[in-house]
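If you read the sequences in order, they're chains A and B. The first sequence lines up with residues 314 to 572 when you count with this note's numbering. The second sequence lines up with residues 9 to 343 when you count with this note's numbering. Using N, Cα and C, we set each Cβ at its ideal position, and we do this for glycine too. Every value quoted in this text rests on a predicted model; they were computed, and no experiment measured them.
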Amino acid sequence: MIELDDVSVRLAGRIVLDRVSLRSSKGELIAVIGPNGAGKTTLLRAIAGLAPADGRIQLAGQDAREMSGTTRARTVAYLPQGNIADWPISVRDVVAIGRIPHGGGPGREREGDAAAVATALAATDAVHLAERPITELSSGERARVMLARALAVQATILLADEPIAALDPAHQLGVLALLERTAASGTTVLAVLHDLTLAARFASRIVVIDDGRIVADGPPQKVLDEALLGRVFGVRALHLQHDGKPVLVPWLTQADLRR
Amino acid sequence: MPDARDIRLTAGLCALGLALAILSLRLGPVGLSWGQSIGGLFGVGDPIDVLIVRELRLPRTLLAIMIGAMLALSGAALQGLMRNPLAAPDILGAPGAAAFGAVLGIATGLADALSFTLPLAAIGMALISVAALMGLAGRQANIVTLLLAGLALSSLFGALISLTLNLAPSLYATLEITFWLLGSLEDRSFRHVSIAAPFVAVAAWILLATRHQLTALSLGEDVATSSGIDLQRLSRMTLFGVAAGVGACVAVAGAIGFVGLVVPHLIRPLVGHDPARVHVPAMIAGADLLLAADCIVRLIPANTELHIGVVTSLIGVPFFIALVVDRRRQAEVAA
């Protein structure tokens, strides 16, 4: 569960996140959407304790300021963009890094670590990659392994920054279905997504950020209307319905419309 | 529980180290058998043999173990922290800085070769050098920036050593400093062991205690921090550990290059490339390498004993060239 009250982040003198307030319930899958540079990543980094934030942040009922680094790391799992891996560590060891907040990690497994790693590998369809060096994987395989690392933390809050950016369509659907199941098991999931249709398909709630502020927050059917897409993203989209969910295909930019 | 492969590797390296240590006790102007060497170590046998083994060869052997282990550990820690395989203390100028600190101490008369002031001067200068390097290049520096910053610092401290030599009060002092700079374990006593040991012990403890944090750092700073690791504290601890350890080693044995670069590289593939698991086997392998090099200098017939720093550099430079060629090949494959 996440509670944010008037959370602001200022980086290099510029306000990147401006008095953001947000309350999430246990088991929600929230898609965070917005144009590039809107503050989506900064929101996740502020919750994870990676960006200096003013305001009040409560995580799983505790004030984030009063949490130790380890307690916060056990409560919040963060999957950053970029999928950095400096050394050719085996995939199993990469996923085991997720157990560090619990005192485990590669080469020093504690009780429950092996099961957490195995479950995360299976959930992300990465069991067959377990012994391969992370640096030799394709970008899509690497993205799944990094998600497995975040899942292995078994935190109550999972923050995923563009988790499907490098994936093919089948694995995009697979990963979002996995995040949906993770949320259903009681974890609060915040995922930054750029694909509006997939956000609407899987998320129970959509938070729209523009220029550092939350400009819309609610169920996909209510949030993703034509006016918002024009105002925030500067696009006109084809708006369809399938299985009761909106299907949005960005078609024209505002500039196209003016021509 | 440590990985079974790590335990086997460590045990194998320990066995090799034990054999090399006993060989080191045998070698010298007075030839001793294996039995005489081991007997001498335990005070059994001819009193002259006991004296040779305990007072002359044992301190030298202990210094080789201590310095080899410390240099390799420093290399492993720096490479893990900077997430860069070239971040060894010598490439980054730390031993040069420590040598300058020590040389300055000797030349100004503030420290002599058998005082605790010498390692303090060396450690202080090594600390300044490593901090300057991090400040210049940044913690996530790419290889080019890192090498340039290291080259600048190495050149600076090289020039300062030359200046000190240039201004040395006598030719004898100049020769004394020059030979000392070549790095040697010859004629070292328990006094030298006791000067370096406390600093090396503290440095090794710091670097070993923080090693597990390096694994998370290999996935980037965000993953490390969100895993509960205080990166600023990790950086400070590592830098202090490297400066204290390398400074103490240089203070008693001069500049011994390339151990910190070569050994972690040899060990890394054997422990699955996990930066935390490199440390312990690298320490033992570093001790093994320096023991072997110190045996080699005593086995090669020459008018004067070769300096161990010369031997490690002769081993290290081809290795460094091989590393450059390998990276070039990797870059070509990636392109």
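Checklist entry - Straight-line CA distance for I594 of chain A to L450 of chain A? => result There is simply no residue 594 of chain A to check, as chain A begins at 314 and stops at 572 in what is shown.
Next on the checklist: Please report the distance separating the alpha-carbon of V345 of chain A from that of I470 of chain A.
Outcome noted: Here residue 345 of chain A is taken as the residue at index 32 of the first sequence, counted from 1. Here residue 470 of chain A is taken as the residue at index 157 of the first sequence, counted from 1. Straight across, the Cα-Cα distance linking V345 of chain A with I470 of chain A is about 14 Å.
Checklist entry - So which residues of chain B does V407 of chain A contact, with C-beta pairs closer than 8 Å? => result In the first sequence, counting from the first residue as 1, residue 407 of chain A sits at position 94. L227, listed in chain order.
Item to check | Close Cβ partners of I136 of chain B (< 7 Å) along its chain, the five nearest in sequence each way excluded | outcome: On the second sequence, residue 136 of chain B is found 128 positions in, with the first residue counted as 1. Once the five neighbours on either side are set aside, the close Cβ partners of I136 of chain B are A105.
Item to check | Terminal residues of the beta strand (DSSP E) in which D319 of chain A lies | outcome: Looking up residue 319 of chain A in the first sequence gives position 6. From DSSP, the beta strand (DSSP E) with D319 of chain A extends over 315-324.
Checklist entry - Just checking my contact of V208 of chain B with C257 of chain B at CB under 8 Å: how many whole Å lie between their CB atoms? => result In the second sequence, the residue the question calls residue 208 of chain B occupies position 200. In the second sequence, the residue the question calls residue 257 of chain B occupies position 249. Going by Cβ atoms, the distance from V208 of chain B to C257 of chain B rounds to 7 Å, so yes, they are a contact pair.
Next on the checklist: Please classify T326 of chain B as buried or exposed, where buried requires at least 16 neighbouring CB atoms within 10 angstroms.
Outcome noted: For the purposes of this step, residue 326 of chain B is taken as the residue at position 318 of the second sequence. The sequence shown places Pro at residue 326 of chain B, not Thr. It counts as exposed.
Checklist entry - Given a limit of 8 Å on CB to CB distance, which residues of the segment 98-122 of chain B reach chain E? => result Included in the structure are the protein chains A and B, with no chain E among them.
Checklist entry - By how many angstroms is the C-alpha of R549 of chain A removed from the C-alpha of T566 of chain A? => result Counting from one through the first sequence, the residue named residue 566 of chain A turns up at place 253. Counting from one through the first sequence, the residue named residue 549 of chain A turns up at place 236. Roughly 6 Å separates the two Cα atoms.
Checklist entry - Do the CB positions of V322 of chain A and D376 of chain A come within less than 9 Å of each other? => result As a first step, residue 322 of chain A is located in the first sequence; it is residue number 9 there, counting from the start. As a first step, residue 376 of chain A is located in the first sequence; it is residue number 63 there, counting from the start. Taking 9 Å as the cut-off, the Cβ atoms of V322 of chain A and D376 of chain A do not count as close.
Item to check | Residue of A:L489, A:V329, A:M314 minimising C-alpha distance to K339 of chain A | outcome: Numbered from its first residue, the first sequence carries residue 339 of chain A at position 26. Looking only at A:L489, A:V329, A:M314, the smallest Cα-Cα distance to K339 of chain A is reached by A:M314.
Next on the checklist: With the cut-off set at 9 Å, would you say I264 of chain B and I75 of chain B are in Cβ contact?
Outcome noted: On the second sequence, residue 264 of chain B is found 256 positions in, with the first residue counted as 1. On the second sequence, residue 75 of chain B is found 67 positions in, with the first residue counted as 1. The answer is yes: Cβ separation under 9 Å.
Item to check | Between the CA atoms of T320 of chain B and L81 of chain B - distance to the nearest angstrom | outcome: Counted from its first residue, the second sequence places residue 81 of chain B at position 73. Counted from its first residue, the second sequence places residue 320 of chain B at position 312. Taking the straight line from one Cα to the other gives about 16 Å.
Item to check | Uninterrupted alpha helix (DSSP H) stretches inside the segment 175-220 of chain B (no shorter than 4 residues) | outcome: As far as the segment 175-220 of chain B is concerned, its whole alpha helix (DSSP H) runs of at least 4 residues are 179-189, 198-217.
Checklist entry - Does the ligand GTP have even one heavy atom less than 8 Å from the beta-carbon of Q554 of chain A? => result With respect to the ligand GTP, the structure offers nothing, as it holds no ligand at all.
Checklist entry - So is G425 of chain A in contact with chain B if we call contact Cβ pairs under 9 Å? => result As a working mapping, residue 425 of chain A is identified with position 112 in the first sequence. With a threshold of 9 Å between beta carbons, G425 of chain A makes no contact with chain B.
Checklist entry - Taking the C-alpha atoms as reference points, what is the distance between A304 of chain A and L299 of chain B? => result Any question about residue 304 of chain A goes unanswered here, given that chain A covers just 314 to 572.
Checklist entry - With which residues is V548 of chain A paired in a DSSP beta bridge? => result Mapped onto the first sequence, residue 548 of chain A falls at position 235. For V548 of chain A, which the question treats as bridged, DSSP gives the partners A:T566.
Next on the checklist: Could you check whether the segment 124-144 of chain B touches the segment 244-261 of chain B, counting it as contact only if at least three pairs of C-beta atoms, one from each stretch, sit closer than 8 Å?
Outcome noted: In short, these stretches touch, since the Cβ pair count reaches three.
Checklist entry - In the DSSP assignment, what are the bridge partners of H555 of chain A? => result Translated into the one-based positions of the first sequence, residue 555 of chain A becomes position 242. In the DSSP assignment, H555 of chain A is bridged to A:K558.
Checklist entry - Per DSSP, what kind of secondary structure is G543 of chain A in: helix, strand or coil? => result By one-based count along the first sequence, residue 543 of chain A stands at place 230. Here G543 of chain A sits in helix by DSSP.
Checklist entry - Nearest-angstrom Cα distance between R421 of chain A and V279 of chain B? => result The residue given as residue 421 of chain A occupies position 108 in the first sequence. The residue given as residue 279 of chain B occupies position 271 in the second sequence. So the two alpha carbons sit approximately 13 Å from each other.
Item to check | Residues that S243 of chain B contacts on chain A, provided the C-beta gap is smaller than 8 Å | outcome: By 1-based counting over the second sequence, the position of residue 243 of chain B is 235. In chain order: nothing, as chain A lies at least about 15 Å away.
Next on the checklist: Would you say T223 of chain B lies against chain A (beta-carbon separation less than 9 Å)?
Outcome noted: Taking the second sequence and counting its residues from 1, one reaches residue 223 of chain B at position 215. Look at T223 of chain B: its C-beta is under 9 Å from a C-beta on chain A.
Checklist entry - With C-beta atoms as the reference, is V505 of chain A less than 9 Å away from L492 of chain A? => result Translated into positions along the first sequence, residue 505 of chain A becomes position 192. Translated into positions along the first sequence, residue 492 of chain A becomes position 179. No, they are not a contact pair.
Checklist entry - Quick one: Cα of Q44 of chain B to Cα of H315 of chain B, how far? => result Here the question's residue 44 of chain B lines up with position 36 in the second sequence. Here the question's residue 315 of chain B lines up with position 307 in the second sequence. Their Cα atoms are separated by approximately 26 Å.
Checklist entry - Measuring CB to CB, does A212 of chain B end up less than 9 Å from A77 of chain B? => result Along the second sequence, read from residue 1 onward, the residue named residue 212 of chain B stands at position 204. Along the second sequence, read from residue 1 onward, the residue named residue 77 of chain B stands at position 69. Yes.
Checklist entry - For S226 of chain B, which three-state DSSP category applies? => result Reading the second sequence from its first residue, position 218 is the one you call residue 226 of chain B. Coil, per DSSP.
Item to check | When B:P37, B:S41, B:V286 are compared against L31 of chain B, the one with the closest alpha-carbon | outcome: Here residue 31 of chain B refers to the residue found at position 23 when the second sequence is read from its first residue. The option with the nearest alpha carbon to L31 of chain B is B:S41.
Next on the checklist: Against chain B, which members of the segment 361-389 of chain A pass a CB distance test of less than 9 Å?
Outcome noted: Of all residues in the segment 361-389 of chain A, A361, G362, L363, S381, G382, T383, T384, R385, A386, R387, V389 have a Cβ within less than 9 Å of some Cβ in chain B.
Next on the checklist: Between which residues of its own chain and A351 of chain A is the CB-CB distance below 6 Å, once the five residues before and five after are set aside?
Outcome noted: As a first step, residue 351 of chain A must be located in the first sequence, where it is residue number 38. Cβ neighbours of A351 of chain A beyond the five flanking positions: I522, D523.
Item to check | R445 of chain A - DSSP class collapsed to helix/strand/coil | outcome: As a first step, residue 445 of chain A is located in the first sequence; it is residue number 132 there, counting from the start. In this structure, DSSP gives R445 of chain A a state outside helix and strand, which the three-state scheme calls coil.
Checklist entry - Which two residues bound the contiguous alpha helix (DSSP H) that contains I346 of chain A? => result Numbered from 1 along the first sequence, position 33 holds the residue referred to as residue 346 of chain A. Per DSSP, I346 of chain A belongs to no alpha helix (DSSP H); it is in the beta strand (DSSP E), 342-346.
Checklist entry - Does the beta-carbon of E454 of chain A have 16 or more other beta-carbons within 10 angstroms, so that it is buried, or is it exposed? => result As a first step, residue 454 of chain A is located in the first sequence; it is residue number 141 there, counting from the start. It is buried - the Cβ of E454 of chain A has at least 16 other Cβ atoms within 10 Å.
Next on the checklist: Would T233 of chain B pass as an interface residue toward chain A - the criterion being a Cβ-Cβ separation below 9 Å?
Outcome noted: Here residue 233 of chain B corresponds to residue number 225 of the second sequence, with the count starting at 1. Yes - at least one Cβ of chain A is within 9 Å of the one on T233 of chain B.
Next on the checklist: Which of the three DSSP states is assigned to R355 of chain B in this structure?
Outcome noted: There is simply no residue 355 of chain B to check, as chain B begins at 9 and stops at 343 in what is shown.
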